[in-house]
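Each remark here refers to the structure printed beneath this line.
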Amino acid sequence: GHVASEGSTPVAVPAELRGGVADVSIVAPTSLARDREVRASSRPAPARAAAARPLPLQSPADPYNGLPTTTGSAFGASGTPRGCAAARAATSPFGRGFAPNQISTAYGVDRLHRRGLRGEGMRVALIEADGFLHRDLKTFAACFGLRLPPIRTAVVDRRRALPPGPETTLDLEVLIAQAPQLERIDVQQMHSASSDVAGDLLAAVSAALRERPRPDALSLSLDVCEAAIGAPGVPTGSIVAVRALDDLFALAAAAGVSTVVASGDAGSAGCLRESDSVLPSVSFPSSSAWVTAVGGTNVRLDAANRIAREVAWNDTPAAIALFAEQGITTPPAEAVANASGGGRSLLFARPWWQRDAGLPGGARLVPDVSALAGQLPGWVTYCSNRACVESDQSGWSTSGGTSAATPLVAAALTLSSQAARRRGQPPIGFANPLIYRLADGRERSAVLRDVTVGATDVTAAVGRNYHGDRGVLGVYPAGRGYDLATGWGSLVLPAFTDAALAAGRRGAGGR
1429 GHVASEGSTP VAVPAELRGG VADVSIVAPT SLARDREVRA SSRPAPARAA
1479 AARPLPLQSP ADPYNGLPTT TGSAFGASGT PRGCAAARAA TSPFGRGFAP
1529 NQISTAYGVD RLHRRGLRGE GMRVALIEAD GFLHRDLKTF AACFGLRLPP
1579 IRTAVVDRRR ALPPGPETTL DLEVLIAQAP QLERIDVQQM HSASSDVAGD
1629 LLAAVSAALR ERPRPDALSL SLDVCEAAIG APGVPTGSIV AVRALDDLFA
1679 LAAAAGVSTV VASGDAGSAG CLRESDSVLP SVSFPSSSAW VTAVGGTNVR
1729 LDAANRIARE VAWNDTPAAI ALFAEQGITT PPAEAVANAS GGGRSLLFAR
1779 PWWQRDAGLP GGARLVPDVS ALAGQLPGWV TYCSNRACVE SDQSGWSTSG
1829 GTSAATPLVA AALTLSSQAA RRRGQPPIGF ANPLIYRLAD GRERSAVLRD
1879 VTVGATDVTA AVGRNYHGDR GVLGVYPAGR GYDLATGWGS LVLPAFTDAA
1929 LAAGRRGAGG R
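In the numbering used here, the protein residues as written are 1429 to 1939.
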């Protein structure tokens, strides 16, 4: 109930902390990001930052960067699924979808399970804009032999629970498949019909962080295009709500919460689903400096469910071809632009952990890491409500998007935090400083799977008349090291967990 302000005198780093403090940030709800980053660094910029690495550039002659122009990142069925017969029969136009055991093996989650890390004693909060049917989750869990953790649902404005839909069902099923022994999952529902989406997100995230104990991870698969924020008639919200939400993510980071946010599903054209704009744009809240932004990939597995190939997710060419088979030659752009979101933020300056990596420019770059998002063939899900299936269909189907990749990464960071807790170490919490340090060191090839094929251009979905003579809308191909299609690539979870534990020991004064 009291008002306080930061001092006006320069911020100094104490002598005993010099060399260990990168930046000091002042959290102030009314300040802009660039004003809030108080320059109090006690160490010189690393030498590598002087020779910034160039990001990969897209070639108009090869807009999908090595992927077929007719199918993009769409792959056929691969690997060896387990589960009930009904789930194994769930197919996309490109074949059978991926079962939970396949994803667990592909990303190394199963190896953490064998260490006894399944989420015991940990909590995850989901921020959602639709509801779910508990019986759908029971059917899914029974099919794959999973335990269904306790789930508590709250509606932020205290109205009745939202009607069931595909989004929350997908998020929950991905989460329980990878962390089946969670102590509890909290679902915070927000009504997305208002024009203030950012304000609704602010209320939902605030409610999730007020829970005691706090969640170990916070997963958001919702986004608003940065370029449309505050535009008349566009349901996004005000810049004030965006700044306040960014500050709330900073407080979550300080409290040891891992906040994981989807980078969006419209590729380099982040505004397609909110306005007619097809200019390159990223989405908020994935552009916040205090969250881990998750992009999308697609994978081909070998018979043992190991990743044989991983590429940047871009199903746009395949989606166009599928519509054409139905006689629809000009489908809505938002229906066929299906690719990993990413790019340069318009709102937020380069955070210190990206500056240390020697990446060019002065804006926050998105995404940070990626995981399976491809919808062709996609994840196997069970959703029987009317929003998911037609009357003559079963509830088993396939799905995807960065909405699936995000709870997968949230589960992964939660299991890593569980490993740290067992050793009496701090949780992973805000993961980006660790991810970027590992990615920029000798451990990168062990903890991250670099994705070098594919791109997030969605020109084919919107038509060339939108962008003059440039030939392609986006400039975001995958490439060696960091790129705006997949970030640093995908986490190799066992090695990442081991590296995090080693970093925790060093941070605690160990050797």
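Beta carbons: idealized from backbone N, C-alpha and C, even for Gly.
Residue i, DSSP secondary structure in three states
i     : result
S1715 : coil
A1812 : The sequence shown places Ser at residue 1812, rather than the Ala named in the question. S1812 falls in the coil class under three-state DSSP.
E1738 : strand
S1822 : coil
A1607 : coil
T1725 : strand
G1829 : coil
R1612 : strand
G1593 : coil
L1707 : coil
S1691 : coil
L1485 : coil
D1730 : coil
L1700 : coil
T1925 : helix
L1676 : helix
D1599 : helix
P1905 : strand
L1919 : strand
Q1846 : helix
T1720 : strand
Own chain, CB closer than 6 Å to residue i, minus 5 neighbours either side, in chain order
i     : result
G1500 : Y1492, N1742, D1743, T1744, P1745 and A1746
L1648 : I1555 and V1689
L1700 : A1694, A1761, E1762 and A1765
T1458 : Note that T1458 scores a pLDDT of 35, beneath 50, so its modelled location is shaky and nothing firm can be said.
A1930 : none
A1682 : none
V1837 : V1688, V1722 and A1799
G1806 : S1520, G1525, T1826, S1827 and G1828
A1549 : Note on identity: in this sequence residue 1549 is Gly, with Ala being the wrong assignment. Here the set comprises E1611.
R1563 : none
Q1846 : L1545 and M1550
P1835 : D1599, V1602, L1603 and S1647
F1751 : P1759
Q1853 : G1932
Presumed contact (8 Å Cβ cut-off) between residue i and residue j, rounded CB distance
i     : j     : result
S1715 : F1677 : So it is not a contact: roughly 11 Å between Cβ atoms.
Y1904 : G1770 : 6 Å
L1843 : S1686 : About 11 Å separates the two Cβ atoms, so there is no contact after all.
A1815 : P1592 : 6 Å
E1601 : L1545 : At roughly 20 Å, the Cβ-Cβ gap does not stay under 8 Å, so E1601 and L1545 are not in contact.
I1756 : A1888 : That belief does not hold up - the Cβ atoms of I1756 and A1888 are roughly 14 Å apart, past 8 Å.
P1733 : D1796 : For the record, residue 1733 in the displayed sequence is Asn; it is not Pro. That pair is no contact at about 25 Å.
R1783 : V1710 : Not a contact, Cβ separation roughly 18 Å.
I1654 : L1804 : A small fix is needed here, since residue 1654 is Glu in this sequence, not Ile. Not a contact, Cβ separation roughly 28 Å.
G1823 : S1812 : 3 Å
Residues near residue i in its chain [Cβ-Cβ closer than 7 Å; skip 5 each side]
i     : result
L1729 : S1506, G1507, Q1530, A1534, I1735 and A1736
Q1754 : none
A1419 : As displayed, the chain neither begins before 1429 nor continues past 1939, which places residue 1419 out of reach and without an answer.
F1560 : P1592, T1596, T1597 and L1600
S1831 : E1595, L1598, D1599, S1649 and A1690
P1589 : Note on identity: in this sequence residue 1589 is Ala, with Pro being the wrong assignment. Correct list, in chain order: G1559, T1581, V1583 and Q1617.
8 Å Cβ shell around residue i - same chain, five flanking residues per side excluded
i     : result
A1527 : P1509, R1510, G1511, A1515, R1516, F1572 and V1808
P1643 : R1551, V1552, A1553, D1614, A1636, L1637 and V1685
A1906 : P1484, N1493, V1739, A1740, V1879, T1880, V1881, G1882, A1883, A1913 and T1914
P1442 : none
V1633 : I1555, Q1616, L1646, L1648, L1673, L1676, F1677 and A1680
Q1486 : N1493, A1883, D1885, V1900, G1902, V1903, Y1904 and P1905
R1877 : I1735, E1738, G1917, S1918, L1919 and V1920
Cβ-heavy atom distance, residue i to the ligand ADP, below 6 Å
i     : result
A1557 : The ligand ADP is not among the ligands present in this structure, which contains no ligands whatsoever.
**OP:** Report the residue ranges of all beta strand (DSSP E) runs contained in full by the segment 1765-1806; include only those spanning at least 3 residues, in chain order.
**Re:** 1771-1777, 1791-1794 and 1797-1800
Original post:
Which parts of the segment 1495-1582 are runs of the beta strand (DSSP E), unbroken and 3 residues or longer, counting only runs that do not cross its ends?
Top reply: 1551-1556
Subject >> Contact the segment 1624-1644 vs the segment 1595-1604: 3+ CB pairs below 8 Å >> reply: no
Subject >> Inside the segment 1622-1667 only - beta strand (DSSP E) runs reaching at least 3 residues >> reply: 1645-1648
**OP:** Evaluate the contact criterion for the segment 1533-1553 versus the segment 1605-1614: three or more CB pairs, one atom per stretch, below 8 Å.
**Re:** yes
**OP:** Would you check if the segment 1498-1513 and the segment 1915-1924 touch, i.e. whether three or more CB-CB distances between them fall below 8 Å?
**Re:** no
Original post:
Touch check for the segment 1561-1581 and the segment 1863-1878: three-plus C-beta pairs under 8 Å?
Top reply: no
**OP:** At 3 residues or longer, and completely inside the segment 1869-1894: list those beta strand (DSSP E) runs for me, N to C.
**Re:** none
**OP:** Assess, as a yes-or-no matter, whether the segment 1708-1722 is touched by the segment 1791-1810 under the definition of 3 or more beta carbon pairs within less than 8 Å.
**Re:** yes
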